[in-house]
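Per numbering that gives the first Met the number 0, residue 0 is the first one in the sequence shown, and the count goes up by one each step. Report on one structure; see the data block that follows.
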Amino acid sequence: MKDIESPQFPEIKFCQNCGSPVQAALDAEGKKRMICPACGRVHYKNPIPAVAIFVQNGDGELLLVKRKFLPQAGKWALPSGYMEIFMSPEDNAIAELREETGFEGEIERFIGWYFGYSPIYERVLSLGFRLRVTGGTLQAGDDAADAKFFSLDELPPIAFAAHRKFIHLETGLELDF
Ligand SMILES: [Zn+2]
Numbered sequence: 000m001k002d003i004e005s006p007q008f009p010e011i012k013f014c015q016n017c018g019s020p021v022q023a024a025l026d027a028e029g030k031k032r033m034i035c036p037a038c039g040r041v042h043y044k045n046p047i048p049a050v051a052i053f054v055q056n057g058d059g060e061l062l063l064v065k066r067k068f069l070p071q072a073g074k075w076a077l078p079s080g081y082m083e084i085f086m087s088p089e090d091n092a093i094a095e096l097r098e099e100t101g102f103e104g105e106i107e108r109f110i111g112w113y114f115g116y117s118p119i120y121e122r123v124l125s126l127g128f129r130l131r132v133t134g135g136t137l138q139a140g141d142d143a144a145d146a147k148f149f150s151l152d153e154l155p156p157i158a159f160a161a162h163r164k165f166i167h168l169e170t171g172l173e174l175d176f
C-alpha cells in the first residue's frame, strides 16, 4: 500500500468541522492522518467512487460520449461520472446515462470494478454497469461534447483504463490505447 504512514490530505489546512488548523497525528489505529486537535475530527482520504455505463445497440455498436471537461477533455469514453452520495451505484449509472446521452435505461448487470489513478483525486474506484436502453432519444447532454454509437471494429481511442477494462470484459476486445 502506498505510504499509509505519510500524512493524508496534507493539502487540508483547516478542520472541515470547526475550522481550526489541523495537524498530522496518529489515529486510534496508529495510522497517520490529518486530525483536528480542537475537536478531534479525523480527515480520512478515501478513493472516489465512479460509475461507467456500457450500452450496445441492436447492431452491437457501442455507445460512447466525447468528453467536454477535464480530465481527458476531447477524448471518447463510456458515459460515466463520480457518484453522488445520495444515490445508489445503479441509480447513479441510470442518471449518468440520461444526463450524458438522453437515453433512459435499466440495469442489465454489474460488469466489474477497476481501481485506478486520477490526476485530481489520486485514486478512483470505478464500477462498470451494462445497461439496456428503454427509451429516450440520443442527444449529447450539457457535460458531453458529443454522443454516438461506434462499430466495435472502429472504436476511437478510449480515455480511461477503467473503461477499456469494462469494454474488454463485455466484448473481448483488447484495447491497448
Ligand atoms: Zn475541528
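We treat Cβ as the ideally placed atom computed from N, Cα and C, and that holds for glycine. Source: prediction; values computed, not measured.
Can you pull the DSSP bridge partners for GLU105? Position 106 of the sequence shown, counted from the start, is the residue given in the question as residue 105. BP columns for GLU105 point to ARG131.
Does DSSP put ASP152 in a helix, in a strand, or in coil? For the purposes of this step, residue 152 is taken as residue 153 along the sequence shown, with counting starting at 1. Three-state DSSP puts ASP152 in a helix.
Using CA coordinates, which residue listed in CYS17, SER87, PHE68 is at the minimum distance from CYS35? By one-based count along the sequence shown, residue 35 stands at place 36. That would be CYS17, whose Cα lies nearest to the Cα of CYS35.
Any idea what DSSP makes of ASP90, helix, strand or coil? Indexing the sequence shown from 1 puts residue 90 at position 91. Three-state DSSP puts ASP90 in a helix.
For GLU40, verify whether its CB is less than 7 Å away from any heavy atom of ligand 1. Within the sequence shown, numbered from 1, the residue matching residue 40 stands at position 41. One detail in the question is off: residue 40 reads as Arg in this sequence, not Glu. Yes, the Cβ of ARG40 comes within 7 Å of a heavy atom of ligand 1.
Using a Cβ-based criterion (distance less than 7 Å to any ligand heavy atom), does SER150 qualify as near ligand 1? The count along the sequence shown starts at 1 and reaches residue 150 at position 151. Result no, Cβ not under 7 Å from ligand 1.
Do the segment 85-95 and the segment 14-34 touch if we need at least three Cβ pairs shorter than 8 Å? no
Output the boundary residues of the beta strand (DSSP E) element that contains LYS177. In this structure the chain extends from 0 to 176, so residue 177 is not present and cannot be described.
Endpoints, beta strand (DSSP E) assigned at LEU62: Here residue 62 refers to the residue found at position 63 when the sequence shown is read from its first residue. Residues 61-66.
Residue from VAL64, ILE106, GLU83 whose Cα sits closest to the Cα of LEU154: Numbered from 1 along the sequence shown, position 155 holds the residue referred to as residue 154. Residue VAL64 is the option with its Cα nearest to LEU154.
DSSP beta-bridge partners for ALA139? By 1-based counting over the sequence shown, the position of residue 139 is 140. Answer is none; ALA139 lacks a bridge partner.
Using only the heavy atoms of ligand 1, determine whether one of them is closer than 7 Å to the beta carbon of ALA23. Counted from its first residue, the sequence shown places residue 23 at position 24. No, the beta carbon of ALA23 sits no closer than 7 Å to any heavy atom of ligand 1.
Tell me which residues share the same chain as ALA72 and place their Cβ nearer than 6 Å to its Cβ, disregarding the 5 neighbours each side in the sequence. Reading the sequence shown from its first residue, position 73 is the one you call residue 72. Counting only Cβ-Cβ distances below 6 Å, and skipping sequence neighbours, we find ARG66.
Taking the alpha carbon of GLY127 as the reference point, which residue from GLU60, ARG108, GLY140, LEU174 has its own alpha carbon closest? What you label residue 127 is simply residue 128 of the sequence shown in a count that begins at 1. Answer by Cα proximity: ARG108.
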